[in-house]
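K.L.:
Chains as they are written, first to last, in the working numbering: chain X, 1 to 226; chain U, 1 to 226. Backbone N, C-alpha and C define an ideal beta-carbon position, used for all residues, glycine too. Note that the structure is a prediction, hence the values are computed from the model and not measured.
Number of protein chains: 2
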Amino acid sequence: MVQKRFFGSSAEMYLKTIAELAHEREPVPVTSVADRLGISTVSASEMIHRLEDRKFVKHRPYKGVYLTAEGRRKANGVIRRQRLWECFLTNGLGIPWEHVHDFACQLEHATDPVVTEALADYLEHPATCPHGNPIPTADGEMPALEGVPLVNLMPGEKGVILRIHPVSEELVKHLDERGISPGREIEVTEIAPFNGPQSIEVGDEIHVLGREVAAHVMVQQAADTR
Amino acid sequence: MVQKRFFGSSAEMYLKTIAELAHEREPVPVTSVADRLGISTVSASEMIHRLEDRKFVKHRPYKGVYLTAEGRRKANGVIRRQRLWECFLTNGLGIPWEHVHDFACQLEHATDPVVTEALADYLEHPATCPHGNPIPTADGEMPALEGVPLVNLMPGEKGVILRIHPVSEELVKHLDERGISPGREIEVTEIAPFNGPQSIEVGDEIHVLGREVAAHVMVQQAADTR
DNA sequence: TTATTATATTAGGTCATCCTTATAATATCA
DNA sequence: TGATATTATAAGGATGACCTAATATAATAA
Ligand SMILES: [Mn+2]
Ligand SMILES: [Mn+2]
Ligand SMILES: [Mn+2]
Ligand SMILES: [Mn+2]
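Laid out in structure tokens, this is it:
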């Protein structure tokens, strides 16, 4: 018999998702949690009640959910496991970075703390995952998030891609096909009128990115040297 | 949305367990499956019905259960994943071999085929797990099992430890504490009367092993050179 | 062959995690 | 402020995986 867990991979996914969405807005609307997880709002609501019973989240009706300190710790643990596995899958196993997200999302729920820390040692404690997102510490702290959303840059402004928000494999693939990955230097060449898409110069190519997409790309903005 | 699976980790454990027990006796009594999984016979019986509906096993009432070809393929897939992870956890991460069994038993249910094969490449396609058990092929075939049970050796007979049946972490620890691991040369020095325990010489120490334990240790018997 | 034992099934739960449909309550915008 | 849109809850189900207690049936040993 393995030890009885208080919750399974489903609850872990809720916590992780809430933690991720909290970077965009807090409290996190239950609806957005449901959307992100592809689950009905009724089911999401149910689960959030259970998580509240267990003191992992606090729900303000009609406002949204917050993680408690304990919930954040748990969520960061899941995120740590996912991002460490992402590192191993890309650097160790050579799986393309746009595919590792989902694979790691399975492994993250099946990884003992002993294995997690042994893996961290093995990888020599990387600071970020292949998508540039910081890896939480072993005691559940999330490092500060650097950078500004690419969508905020105006034409003529330059920067270096820092990280891509962990939303979905589709997003990463979309960006990868356009040469957008952590470390690349970019320049916004144009913004279409009426809140239209941005044109981005990467290397010597120019790609057009929708605002929704560009909102998930974080950049280190270059000092304006004119 | 991830793909909808027909069964979860529980059903995989049943298939793996049936495959393992089938080496000792076939058909496999439902009771022994239940015992090995630490589950009531009623529950095991229910699950075996479900597995039969899905054509993974065939149940002969009052006799036991067989794997179908498809069930064996599935079971060998699980075993392949477990043993590959065991290799990585010991050789890659440096986790002691007596601990990797349970960790790998979690990971085996969360590993995509793409990851499995990338891992096999990475490990350079090992033939056996750290316990000496052969790793099934990518298409679900189990290599032939060599060796005879240590418990069958008579006093004076020698051999080399080939593998330890994948039963439990306790068994492995018990053996490890007595210096019994794959590759070691041993000699049976004595068998206590009335089907008693065997005394085994390993290196220059002598350890006493119960018959139950010794039945799970497989050896390559040395030619009797007298 | 009968008594004992092993095995299976029936009945009636629990719990986590999902669903749809319908209704109630709140927020927000005009 | 009142209408509309969001959000929450209530009601009733489903499924997979587990449980105990009681009963039925087949296998086997005396
Ligand atoms: Mn996940
Ligand atoms: Mn990542
Ligand atoms: Mn397992
Ligand atoms: Mn093994």
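#1: Please check if any C-beta of chain X sits within less than 7 Å of the C-beta of Tyr-66 of chain U.
#2: So Ala-34 of chain U and Val-28 of chain U are in contact, right, with Cβ under 8 Å, and what is the actual spacing, rounded?
#3: Output needed in chain order: residues of the region 69–98 of chain X with a Cβ under 7 Å from some Cβ in chain U.
#4: Mind pulling the chain X residues with CB within less than 7 Å of Leu-119 of chain U?
#5: What does His-101 of chain X touch in chain U if you count any residue whose Cβ is under 7 Å from its own?
#6: How about Asn-91 of chain X and Gly-140 of chain X: are their beta carbons less than 7 Å apart?
#7: Using a beta-carbon distance below 7 Å, is Asp-227 of chain X in contact with chain U?
#8: Residues of chain U with a CB under 7 Å from the CB of His-109 of chain X: which are they?
#9: How should Met-154 of chain U be labelled, buried or exposed, when 16 other C-beta atoms within 10 angstroms of its C-beta is the threshold for buried?
#10: Contact defined as beta carbons within less than 8 Å: I believe Val-202 of chain X pairs with Leu-162 of chain X. What is the distance between those atoms, to the nearest angstrom?
#11: Could you give the uninterrupted runs of the alpha helix (DSSP H) lying entirely in the region 108–188 of chain U, keeping only those of 4 residues or more?
#12: For the beta strand (DSSP E) containing Lys-63 of chain U, name the first residue and the last one.
#13: Alpha carbon to alpha carbon, how far is Ala-104 of chain X from Glu-187 of chain X? Give it in angstroms, no decimals.
#14: List, in order along the chain, the chain U residues whose C-beta lies closer than 8 Å to that of Val-114 of chain X?
#15: When we look at the beta-carbon of Leu-145 of chain U and count the other beta-carbons within 10 Å, is it buried (16 or more) or exposed?
#16: When the Cα of Pro-148 of chain U is compared with those of U:Thr-31, U:Gly-159, U:Thr-41, which residue comes out closest?
#17: Assuming Gln-221 of chain X and Val-151 of chain X are in contact, meaning their beta carbons sit under 8 Å apart, how far apart are those beta carbons, in whole angstroms?
#18: Give the residues from the region 122–150 of chain X that approach chain U closer than 7 Å (Cβ to any Cβ), ordered along the chain.
#19: Could you name the residues of chain X that Gln-221 of chain U contacts, counting a contact when the two beta carbons are closer than 7 Å?
#20: Need the endpoints of the beta strand (DSSP E) that Ile-206 of chain X sits in, please.
#21: In the DSSP assignment, the beta strand (DSSP E) including Ser-199 of chain X goes from what residue to what residue?
#22: Excluding the five sequence neighbours on either side, which residues of its own chain have a C-beta within less than 6 Å of the C-beta of Leu-123 of chain X, listed in chain order?
#23: Just checking my contact of His-99 of chain X with Val-167 of chain X at CB under 8 Å: how many whole Å lie between their CB atoms?
#24: Does the distance between the C-beta of Cys-105 of chain U and the nearest non-hydrogen atom of ligand 3 fall short of 6 Å?
#25: Between Ile-48 of chain X and the rest of its own chain, which residues show a CB-CB distance below 8 Å, the 5 nearest in sequence each way excluded?
#26: Please state whether DSSP places Glu-190 of chain U in a helix, a strand or coil.
#27: Please find out if some non-hydrogen atom of ligand 4 comes closer than 6 Å to the beta-carbon of Cys-129 of chain U.
#28: Would you mind giving the Cβ-Cβ distance between Gln-106 of chain U and Ala-110 of chain X, rounded to the nearest angstrom? I have them listed as a contact below 8 Å.
#29: Is the beta carbon of Arg-73 of chain U less than 7 Å from the beta carbon of Ile-135 of chain U?
#30: Using the rule of at least 16 other Cβ atoms within 10 Å of the residue's Cβ for burial, across every protein chain shown, is Val-16 of chain X buried or exposed?
#31: Which residues in chain U sit within 7 Å of Gln-198 of chain X, going by Cβ to Cβ distance?
#32: Could you check whether the Cβ of Lys-4 of chain U sits closer than 7 Å to any Cβ belonging to chain X?
#33: Check for me: the alpha helix (DSSP H) holding Val-30 of chain U runs from which residue to which?
#34: Would you give the residue range spanned by the alpha helix (DSSP H) that Ala-22 of chain U belongs to?
P.N.:
A quick look at the data gives this:
#1: no
#2: Rounded, the Cβ-Cβ distance is 11 Å, inconsistent with contact.
#3: Leu-89, Gly-92, Leu-93, Gly-94, Ile-95
#4: Leu-93
#5: None at all; the shortest Cβ gap to chain U is about 12 Å.
#6: no
#7: Because chain X is modelled from 1 through 226, residue 227 of chain X falls outside the range shown and cannot be assessed.
#8: Ala-110
#9: A residue is called buried once 16 or more other Cβ atoms fall within 10 Å of its Cβ, and Met-154 of chain U, having fewer, is exposed.
#10: Approximately 14 Å separates the beta-carbon atoms of Val-202 of chain X and Leu-162 of chain X; this is outside 8 Å, ruling out the contact.
#11: 113–122, 169–176
#12: Per DSSP, Lys-63 of chain U belongs to no beta strand (DSSP E) and is neither H nor E.
#13: Glu-187 of chain X and Ala-104 of chain X have their C-alpha atoms spaced approximately 32 Å apart.
#14: Per Cβ cutoff of 8 Å: Ile-95, His-99, Phe-103.
#15: exposed
#16: The question names Pro, but residue 148 of chain U is Val in the sequence shown. If we check each option's Cα against that of Val-148 of chain U, U:Gly-159 comes out closest.
#17: In fact, because the Cβ distance is near 12 Å, the residues do not count as touching under 8 Å.
#18: Tyr-122
#19: Simply none; closest approach about 36 Å.
#20: Membership of Ile-206 of chain X in the beta strand (DSSP E) is indicated by the continuous run 205–209.
#21: That run of the beta strand (DSSP E) goes 198–202.
#22: Cys-87
#23: That belief does not hold up - the Cβ atoms of His-99 of chain X and Val-167 of chain X are roughly 15 Å apart, past 8 Å.
#24: Under cutoff, so the answer is yes.
#25: Tyr-14, Val-30, Val-33, Val-57, His-59, Val-65
#26: strand
#27: yes
#28: 4 Å
#29: no
#30: The amino acid occupying residue 16 of chain X in the given sequence is Lys; Val does not appear at that position. Label assigned to Lys-16 of chain X: buried.
#31: Under the 7 Å cutoff, chain U gives no residues; its nearest Cβ is about 29 Å from Gln-198 of chain X.
#32: Low per-residue confidence applies at Lys-4 of chain U: pLDDT is 44, beneath 50, and the placement is therefore not dependable enough to give any value.
#33: 30–37
#34: 9–22
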